[in-house]
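A quick write-up on the structure given underneath.
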Amino acid sequence: MNKLLTLQDIDLHNKKVFLRVDYNVVSNGKIIDEFRVRASLPTIKYLLEQNCSIILASHNGRPEGKVVESMSLRPVARLLPRLLNRDVAFFDDCVGEEVSQEAEYLRAGDIVLLENLRFHPGEEANDKTFATQLANLAEVYINDAFAAIHRAHASTVGVAKLLPHAAGKLVQKEYDTFEMLMHKPPRPYTAIIGGAKISDKIEVLDELLKHVDALLIGGAMANTFLAALGNTMQKSLVEKSNFVDALKIIKLAKTKKVKLVLPTDVIVAKKIDSKQRGRIVPIDQLEKDDIALDIGPDTMKAFDKTVAESNTVFWNGTLGMAELSAFAKASDNLAHTMISSDAQTIVGGGDTAAFVDTQDLAEHFSFVSTGGGASLELLAGKKLPGIEVLLKK
9 MNKLLTLQDI
19 DLHNKKVFLR
29 VDYNVVSNGK
39 IIDEFRVRAS
49 LPTIKYLLEQ
59 NCSIILASHN
69 GRPEGKVVES
79 MSLRPVARLL
89 PRLLNRDVAF
99 FDDCVGEEVS
109 QEAEYLRAGD
119 IVLLENLRFH
129 PGEEANDKTF
139 ATQLANLAEV
149 YINDAFAAIH
159 RAHASTVGVA
169 KLLPHAAGKL
179 VQKEYDTFEM
189 LMHKPPRPYT
199 AIIGGAKISD
209 KIEVLDELLK
219 HVDALLIGGA
229 MANTFLAALG
239 NTMQKSLVEK
249 SNFVDALKII
259 KLAKTKKVKL
269 VLPTDVIVAK
279 KIDSKQRGRI
289 VPIDQLEKDD
299 IALDIGPDTM
309 KAFDKTVAES
319 NTVFWNGTLG
329 MAELSAFAKA
339 SDNLAHTMIS
349 SDAQTIVGGG
359 DTAAFVDTQD
369 LAEHFSFVST
379 GGGASLELLA
389 GKKLPGIEVL
399 LKK
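To convert a position in the sequence shown, counted from 1, into our numbering, add 8.
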């Protein structure tokens, strides 16, 4: 098992640190997810204990190399002092003469947040000149942005190659958790995969079947499995082009003797809006124009039973259209089933992490990942550029 360079592996005392964080949480000038900001605090506090000065850097949104005011990180600069109980400065850019001069004057205990890295095309291009400009601001590089660690960008790879580097506490915890899931999970190990599209998760499902004892499928993704098996899913979201993939997963589960649980009943409505209450129907009895929007109570009981028999449970992807309360019941039920079990419970980033956080349940799980795409790529057995550069050689 490969080991990451950690905060204990490098000299941090009195150093000026470039800390790559994931503050991709601002939409139209408002913070929509404090969870990722709070997840960076343990590393920031550790660096302050080492008398470091800290330069925080993050991307936000997809401004495509241009300044887009609604994607500015300024709202995060206003939030951080409240979370840290100390001043945090904000720089209007992330490179340039003015930024360099201001960075020169930073002293132990000072914290500054740079403006959105993606306001410069050099960030996503992993441009060497841009990476050098960022690296010149500091003496040490720490990456604590797990949700961006699958990107080969200037701030995730380029800067790391130019400075003494290590993983932050969050990245270390994320990496160790997913290494455990891949190599030594307490058994029985159950994975619950939901979300909208099977096409997004084929590689993950393929890889998971090498490791899990049970695989439970929910969300709109389950519709494609059910339709591939011959069920008429009416107006539900179905990816016909992925029928072959779905049948391959079903066959592989049988070959590997993995318990595969698909929905036997679903909650349906004729249209998608917040006024719909939904009806429970068996999967072979959907009426014309029905849309499956959540898994049903019989399926939930089967999920609950499997979770209760497990020692490790990994969940990625809500089980229904959880942004509408009528179709969030299965996801809410699963969250409570997981936190009341004795198993190690891990939530895999993205919408699922946001869901358990908005329900104020995040702290009751063994671990809630901050990375959607990054966690799925790790589980699919891929090498992530931002991780590779932090491994002990």
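Ideal placement from N, C-alpha and C gives every residue a C-beta, glycine not left out.
In this text, all values refer to a predicted model and were calculated from it rather than measured experimentally.
Pick from A336, P83, L260 and D118 that is closest to C60, judged by C-alpha positions: As a working note, residue 60 is residue 52 in the sequence shown. Nearest option by C-alpha distance: D118.
So, is S383 buried or exposed, given that buried needs 16 or more other C-beta atoms within 10 angstroms? Taking the sequence shown and counting its residues from 1, one reaches residue 383 at position 375. Burial state of S383 is buried, judged by a 10 Å Cβ sphere holding 16 or more other Cβ atoms.
Which residues in the same chain have their Cβ closer than 6 Å to the Cβ of R28, if we skip the five residues on either side of it in sequence? As a first step, residue 28 is located in the sequence shown; it is residue number 20 there, counting from the start. Result list for R28: A65, N151, A153 and S163, in chain order.
At least 3 beta-carbon pairs within less than 8 Å: the region 76-87 vs the region 136-151: In this structure the region 76-87 does not touch the region 136-151; the number of beta carbon pairs closer than 8 Å is below three.
Over the uninterrupted beta strand (DSSP E) stretch that includes A277, give me the two end residues. Position 269 of the sequence shown, counted from the first residue, corresponds to residue 277. Going by DSSP, A277 is part of the beta strand (DSSP E) stretching over D273 to A277.
Going by alpha carbons, who is nearest to M308 out of F43, I200 and L92? Along the sequence shown, read from residue 1 onward, the residue named residue 308 stands at position 300. Shortest Cα-Cα distance from M308 to any of F43, I200 and L92 involves I200.
At what residues does the beta strand (DSSP E) containing Q180 begin and finish? As a first step, residue 180 must be located in the sequence shown, where it is residue number 172. Careful: Q180 lies outside any beta strand (DSSP E), inside the alpha helix (DSSP H) at K177 to H191.
Less than 8 Å between C-beta atoms, sequence neighbours within five positions excluded: which residues of the same chain meet that for P89? Reading the sequence shown from its first residue, position 81 is the one you call residue 89. Once the five neighbours on either side are set aside, the close Cβ partners of P89 are D95 and V96.
Could you tell me the distance, in whole angstroms, from the CA atom of K24 to the CA atom of E57? To locate residue 24, count along the sequence shown from 1; it is residue 16. To locate residue 57, count along the sequence shown from 1; it is residue 49. The alpha-carbon atoms of K24 and E57 are separated by roughly 13 Å.
Quick check on N324: buried or exposed, where buried means 16 or more other Cβ atoms within 10 Å of its Cβ? Along the sequence shown, read from residue 1 onward, the residue named residue 324 stands at position 316. A residue is called buried when at least 16 other Cβ atoms come within 10 angstroms of its Cβ; N324 meets this threshold and is buried.
Which complete beta strand (DSSP E) runs does the region 30-92 hold, if anything under 3 residues is left out? Counting only runs of 3 or more, we get 61-65.
Report the residue from V148, I62, I299 and Y149 whose alpha carbon sits nearest the alpha carbon of M229. Start at 1 with the first residue of the sequence shown, and residue 229 comes out as number 221. In this structure, I299 is the residue among V148, I62, I299 and Y149 with its C-alpha nearest to the C-alpha of M229.
Going by beta carbon distance, what residues of the same chain come within less than 6 Å of H344, once the five residues before and after it are set aside? If you number the sequence shown from 1, residue 344 lands on position 336. Answer for H344: no residue qualifies.
Sort out for me which residues DSSP pairs Y197 with in a bridge. Within the sequence shown, numbered from 1, the residue matching residue 197 stands at position 189. Answer is T320.
Which residues bound the beta strand (DSSP E) around D350? Taking the first residue of the sequence shown as 1, we reach residue 350 at position 342. Element bounds for D350: n/a, residue is neither H nor E.
Test item: CB-CB of T5 and A222 under 7 Å: Only positions 9 to 401 of the chain appear in the structure, and residue 5 is not among them; the question remains open.
Any beta carbon from chain C within less than 7 Å of D292's own beta carbon? Chain labels in this structure do not include chain C; a single protein chain is all it has.
I need the straight-line Cα distance from R195 to V220, nearest angstrom please. Working through the sequence shown from its first residue, we reach residue 195 at position 187. Working through the sequence shown from its first residue, we reach residue 220 at position 212. Straight-line Cα distance between these residues: approximately 8 Å.
Buried or exposed for V252, going by 16 or more other Cβ atoms inside 10 Å? Here residue 252 is taken as the residue at index 244 of the sequence shown, counted from 1. V252 comes out exposed.
Identity of the residue in L55, C102, L13 and R159 nearest P393 by Cα: Indexing the sequence shown from 1 puts residue 393 at position 385. Residue nearest to P393 within the set L55, C102, L13 and R159 is R159 (criterion: CA-CA distance).
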